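Residue numbers (the numbering used here): 21 to 101.
Every residue, glycine too, gets a C-beta built ideally from N, C-alpha and C.
Since the model is a prediction, treat every value here as computed from it, not as a measurement.
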Amino acid sequence: MTEIERINQAIDEFAAAIKKRMAEKYYEGYRGWDGDYSADDLCYEIGDDAAEMLGTANYHKEAVDIGARAMMLWHRQKAME
21 MTEIERINQA IDEFAAAIKK RMAEKYYEGY RGWDGDYSAD DLCYEIGDDA
71 AEMLGTANYH KEAVDIGARA MMLWHRQKAM E
């Protein structure tokens with residue numbers, strides 16, 4: 021497998037994990053990912069998740085949560101272009 025294929029595979033796997041997490045949160049009743057929740061709060065939560073990752077060996081959940089929040093910020097900015 022080439023490096024670009026490994027990159028693409030990792031991105032696909034990470035995107036699938038984000039989709040799964042977003043669906044879980046949706047079915048738990050969370051809404052507002054695309055605008056109702058403040059961008060500042062999303063940024064603070066990314067920082068909180070990153071801090072939780074320090075010193076832990078298993079941080080997949082936090083990494084996925086960071087990715088999901090980064091996607092939300094990216095989507096909002098893109099919609100404003």
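Contact check, residue i vs residue j, beta carbons under 9 angstroms
| i | j | result |
| --- | --- | --- |
| residue 82 | residue 92 | no |
| residue 30 | residue 66 | no |
| residue 96 | residue 54 | yes |
Nearest-angstrom beta carbon gap, residue j and residue i [assumed within contact, 8 angstroms]
| i | j | result |
| --- | --- | --- |
| residue 41 | residue 88 | 6 angstroms |
| residue 27 | residue 84 | Not really, about 18 angstroms apart at Cβ, beyond 8 angstroms. |
Own chain, CB closer than 8 angstroms to residue i, minus 5 neighbours either side, in chain order
| i | result |
| --- | --- |
| residue 57 | 92 |
| residue 46 | none |
Contacts around residue i, its chain only, beta-carbon distance under 7 angstroms, and the 5 residues preceding and following it disregarded
| i | result |
| --- | --- |
| residue 34 | 87 |
Nonlocal neighbours in the same chain, by C-beta distance under 6 angstroms from residue i, ignoring five residues either side
| i | result |
| --- | --- |
| residue 99 | none |
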